[in-house]
Amino acid sequence: MLGSKIAWDDTVLPFQLDASDIRGRVVRLDGVLDKILSQHAYPDEIEALVAEMALLTAMIGQTMKLRWKLSLQVRGDGPVRLIATDYYAPTKEGTPGRIRAYASYDSSRLMPRVDPFSQIGKGYFAILIDQGQGNVPYQGITPISGGSLSACAETYFAQSEQLPSRFVASFGKSQLPGEEAEWRAGGVMLQKMPKASPFVAQPEDAEENRVLRADDILNEDDFEDWNRANILLDTVEDMELVGPHVQPTELLVRLFHEDKPRVFDPQPVEFGCQCSEDRVRESLSIYSAKDIAHMTTEEGVVTADCQFCGAHYVLDPETLGFKAEDKQDGDGD
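FYI, our numbering numbers position 304 of the sequence shown as 652, with every residue one higher than the one before it.
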């Protein structure tokens with residue numbers, strides 16, 4: 349069991365079902381999730397939402413090309429205002445992807461022992477892809493719906509990408525004998541590969557702003573394969589998802605052996621934040637000396653905290669803003 353835990357925790361295993369043209373990922377998060385959540389003292393309801401969002405980010409982010417960045421955001425008008433995650437694709441082959449996440453919420457409105465997802469309220473689920481310098485970032489948005497963040501992701505892929513998708517996720521604190529309780533999460537993602545143009549027309553009698561589902565996209569020939577795979581996936585148990593007793597490869601064989609599962613190289617993931625003093629200075633470079641003065645504390649410094657990793661920066665206001673940059677440029681002449 350220990351060997352399985354070491355081998356598969358904090359990994360994304362891509363796979364394909366050759367007999368049914370379905371691709372997918374199996375994800376296990378352990379140390380990554382614990383690191384994300386240990387940065388903040390979130391209430392249980394917020395921890396659950398951040399855990400599910402981080403798991404979705406790992407499943408979706410594995411498809412990112414080298415040096416690309418994937419961001420997931422959920423914004424609502426309820427007690428949960430924002431959940432934001434980033435996935436930084438590996439800088440080169442064989443290196444880990446990096447994940448970070450945080451949440452913003454109104455603690456005075458948060459309702460204990462109430463379904464966490466319902467506390468998002470009305471809002472949207474968004475996916476943003478940064479393809480690097482010189483490229484226009486991609487953004488896709490879908491309304492909050494379906495009863496879970498996983499359902500929101502399914503709706504996004506059906507609505508924005510016309511790609512039938514299914515996510516199952518399990519997460520929570522677990523404790524092995526003699527060890528402290530720690531966060532673990534596991535999930536499976538399925539996607540039906542398109543055989544033709546992904547454009548799907550809404551039926552003439554469809555309601556305005558109707559949200560698409562996987563069934564709306566599949567043709568008759570593909571539906572049987574997709575339906576069978578989903579029925580099999582419905583049999584998965586929480587302990588099979590989070591591990592460490594069942595390895596992802598064993599899970600795939602149990603679920604989909606008739607569909608000829610083929611696995612590819614696993615992708616390791618780790619906690620990672622891109623914040624730095626230089627980035628903070630860059631973000632403040634748009635402000636005037638007057639603006640910087642308003643940000644300066646009684647102690648005569650400007651402070652900044654990273655929402656993701658908790659890093660604390662203390663800066664000299666004389667070195668901040670575009671006036672400071674102009675002065676430095678003048679000194680260099």
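From the three backbone atoms N, C-alpha and C, an ideal C-beta is built for every residue, glycine too.
Taking its Cβ as the centre, do 16 or more other Cβ atoms sit within 10 Å of residue i, making it buried, or is it exposed?
i	result
Val422	buried
Asp434	buried
Gln615	buried
Trp356	buried
Lys440	exposed
Tyr486	exposed
Gln507	buried
Pro460	exposed
Arg627	exposed
Val649	exposed
Lys540	buried
Pro525	exposed
Gly442	exposed
Ala517	buried
Under DSSP, the alpha helix (DSSP H) around residue i begins and ends at which residues?
i	result
Ser498	Leu497 to Ser508
Arg602	Pro596 to Phe604
Ser386	Gly379 to Ser386
Ser631	Glu625 to Leu632
Ala367	Neither: Ala367 is in no alpha helix (DSSP H) and is coded neither H nor E.
Lys638	Ala637 to Met643
Asp586	Asp586 to Val590
Gly488	Note, Gly488: premise wrong, no alpha helix (DSSP H); beta strand (DSSP E) at Tyr486 to Pro491.
Ile408	Asp392 to Gly409
On the premise that residue j lies in contact with residue i, defined as a C-beta separation below 8 Å, what is that separation, rounded to the nearest angstrom?
i	j	result
Arg373	Met537	5 Å
Ala437	Trp416	5 Å
Gly535	Ile468	Wrong, their Cβ atoms sit about 19 Å apart, outside the cutoff.
Ile447	Ala406	6 Å
Taking only beta-carbon atoms, is residue i less than 8 Å away from chain B?
i	result
Tyr486	Reference to chain B is not applicable here, since this structure consists of a single protein chain.
Roughly how many angstroms lie between the CA atoms of residue i and residue j, to the nearest whole one?
i	j	result
Asn575	Pro512	11 Å
Lys383	Phe619	7 Å
Leu404	Glu666	42 Å
Leu632	Ile408	32 Å
Lys470	Leu385	25 Å
Gly379	Phe519	13 Å
Pro464	Thr651	32 Å
Tyr635	Thr597	53 Å
Cys623	Ala659	8 Å
Pro551	Gln510	Unreliable placement is indicated for Pro551, whose pLDDT of 44 sits below 50; the coordinate value is still reported in the next sentence. If I take the Cα positions, the gap works out to 15 Å.
Glu393	Leu458	9 Å
Thr503	Phe604	24 Å
Leu580	Arg602	9 Å
Gln364	Glu585	21 Å
Ile492	Tyr472	5 Å
Cys657	Cys621	7 Å
Thr644	Ala637	10 Å
Pro592	Ala529	14 Å
Leu377	Asp569	35 Å
His642	Ser455	27 Å
Asp478	Ser466	30 Å
Asp358	Val375	7 Å
Pro682	Lys608	Residue numbering for the chain in the displayed model covers 349 to 681; residue 682 lies beyond these limits and cannot be assessed.
I need the boundaries of the beta strand (DSSP E) containing residue i, first residue and last residue.
i	result
Ala533	Glu530 to Lys540
Thr433	Val428 to Tyr436
Ala451	Gly445 to Tyr453
Ser522	Ser513 to Ser522
Glu646	No beta strand (DSSP E) contains Glu646, which DSSP labels as neither H nor E.
Ala474	Gly471 to Asp478
If you check the beta carbons only, do residue i and residue j fall under 8 Å apart?
i	j	result
Ala432	Tyr450	yes
Glu400	Ser498	yes
Gly445	Val617	yes
Val590	Ser522	yes
Leu418	Met412	yes
Leu381	Ala402	yes
Gly488	Ala474	yes
Leu410	Val360	Per the sequence shown, the amino acid found at residue 410 is Gln instead of Leu. For Gln410 and Val360, yes; Cβs fall inside 8 Å.
Ala533	Phe515	no
Leu600	Ile640	no
Glu606	Tyr661	no
Quick one: is the Cβ of residue i within less than 7 Å of any heavy atom of the ligand COA?
i	result
Glu646	No copy of the ligand COA appears in this structure; indeed no ligand is present at all.
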